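When the sequence shown is numbered by our numbering, its final residue is 1029 and no position is left out of the sequence of numbers.
Here the structure comes first, spelled out in structure tokens, and everything after it is commentary.
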Amino acid sequence: MRLGIIFVLISLTISSQLIGQQKSTKIYGKNPDEIFLGAIISKKSINTEKHEFVKMKTNQKLQAISSTFKYEYPAIIPSKSNMNKIIIDEFNSAGLPSTTPGGAVFSLWSIQSYNELNIRFGQKMDFSKWFGLDPKAKMAKSNILIEYEIPLFDLYLDLFTDEINNYVQEIKALKNDDLIYISNISWGRKALILVQSDFDENKVKPALYNYLDNKTLTEEQSIILETASISYNIFDDTTLELTDPNPLKTIISYITAPITKDNYGGILYFFGSELDGAWFENSF
């Protein structure tokens, strides 16, 4: 994942006051190169800066399924290379994942504390690393988070097979109550964009909605966007060259670019399964 921060004319901030403990079953992978179906991960590491994985030899072939019905995957011994191979093989035989025109989904959120960003990742995050933000910095007058996403495809394990039951027993044999395994992964393109402004929120939000909906901006709305400070994080290991006067344009152009075998997005999030069959729910 890459991050960036652009200071234009006015310094702005996004934040939100969280009350009580947050919980999530949907978790962003801080080290996506190690994520694959069946990967064994430490629950205690979820809220640390790097997820910890446990390697285990197995001969169990686990069945991968997708809600993207044009893809049919063979059973595989769980590994990153085996998972990547069946994905590319399906792209070659059935075609690339597609999204309909207007398939991008976006939402705008007003926040008052940086801690509210944690829920978008399903865990505790280091905002200085993942957004280039100083959590102690003074907040701006208006703090708007844009969540812009194009979901593409997913993979999940068939949990009703003898092989997955055998695999779980092998994990239990490690005698470590801290372990779960990854049972569902979703891919796509996504950006979290923090727009920070000293204009009133009732002016900033309409300007952002008009821009995202490709509507004509008023002169004041153009000024609002030009004078905003934008921090962003894309869910992909790609560096964006933010040379355009409007950094929002660069970020969204990348998210909406044509899908290719070399650029079909990144891992947006995963779900974990407890060894008793329940979904893992992270608290933070």
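All C-beta atoms in this analysis are idealised placements derived from N, C-alpha and C, irrespective of residue type, glycine included.
Everything numeric in this text was worked out from a predicted model, so none of it was measured.
Residue range of the beta strand (DSSP E) that includes residue i
i, result
"Trp932", "924-942"
"Phe980", "Taken as a continuous stretch (DSSP letters only), Phe980 belongs to no beta strand (DSSP E), as it is neither H nor E."
"Asn1012", "Per the sequence shown, residue 1012 should be read as Ile rather than Asn. Note, Ile1012: beta strand (DSSP E), 1011-1018."
"Ile786", "785-787"
Limits of the alpha helix (DSSP H) - the one that residue i falls within
i, result
"Leu900", "No alpha helix (DSSP H) holds Leu900; the beta strand (DSSP E) holding it covers 887-902."
"Ile968", "964-971"
"Tyr912", "907-917"
"Ser873", "872-875"
"Pro992", "992-1000"
"Glu946", "946-957"
Residue i classed as buried or exposed, judged by whether at least 16 other C-beta atoms fall within 10 angstroms
i, result
"Lys883", "exposed"
"Lys795", "exposed"
"Phe752", "In this prediction, Phe752 has a pLDDT of 41, which is less than 50 and means its spatial position is unreliable; what the coordinates show is noted afterwards. Classification of Phe752: exposed, given that the 10 Å Cβ count is below 16."
"Ala885", "buried"
"Lys935", "buried"
"Ile764", "Confidence at Ile764 is low in this model, with a pLDDT of 47, below 50, so the placement of that residue should be treated as unreliable; the coordinate-derived value is given next. That one is exposed."
"Ser976", "buried"
"Tyr1041", "No answer is possible for residue 1041: the residues shown for the chain start at 746 and end at 1029."
"Gln941", "buried"
"Gly1022", "exposed"
"Arg747", "Bear in mind that the predicted position of Arg747 carries a pLDDT of just 47, short of 50, making it unreliable; the figure below should be weighed with that in mind. With fewer than 16 Cβ atoms within 10 Å of its Cβ, Arg747 is classed as exposed."
"Trp875", "buried"
"Phe1016", "buried"
"Asn837", "exposed"
"Ile833", "exposed"
Cβ neighbours of residue i in the same chain (closer than 8 Å, five flanking residues each side left out)
i, result
"Asn959", "none"
"Ile810", "Tyr818, Leu900, Tyr901, Leu902, Asp903"
Own chain residues within Cβ distance below 6 Å of residue i, not counting five before or after
i, result
"Ser756", "Confidence at Ser756 is low in this model, with a pLDDT of 35, below 50, so its placement is unreliable and no value can be given for it."
"Leu1013", "Ser931, Gly933, Lys935, Phe980"
"Lys788", "Asp923, Ile925"
"Asp989", "Thr995"
"Ile822", "Lys806"
"Val913", "Leu1020"
"Ile791", "Gln868, Asn1027"
Cβ neighbours of residue i in the same chain (closer than 7 Å, five flanking residues each side left out)
i, result
"Ser824", "Phe781"
"Ala952", "Leu962, Gln966, Ile969, Leu970"
"Arg865", "Glu892, Leu937"
Minimum Cβ-Cβ distance from residue i to chain D less than 9 Å
i, result
"Asn991", "In summary, chain D is missing from the structure at hand, where a single protein chain is found."
Across the region 768-776 and the region 786-806, are there enough close Cβ pairs to call them in contact, namely three or more that are closer than 8 Å?
Taking a contact to require three or more Cβ pairs closer than 8 Å, the region 768-776 and the region 786-806 qualify as touching.
Please give me, in chain order, every unbroken run of the alpha helix (DSSP H) with length at least 4 that falls completely inside the region 797-865.
Taking only runs of at least 4 residues, the alpha helix (DSSP H) segments lying wholly in the region 797-865 are 825-839.
Taking contact to mean 3 or more Cβ pairs, one atom from each stretch, closer than 8 Å, check whether the region 988-1000 and the region 931-950 are in contact.
In short, these stretches touch, since the Cβ pair count reaches three.
Touch test, the region 911-921 against the region 943-960, Cβ-Cβ under 8 Å, three pairs minimum:
Here the region 911-921 does not lie against the region 943-960, with fewer than 3 beta-carbon pairs under 8 Å apart.
Assess, as a yes-or-no matter, whether the region 1019-1029 is touched by the region 860-874 under the definition of 3 or more beta carbon pairs within less than 8 Å.
A contact exists between the region 860-874 and the region 1019-1029.
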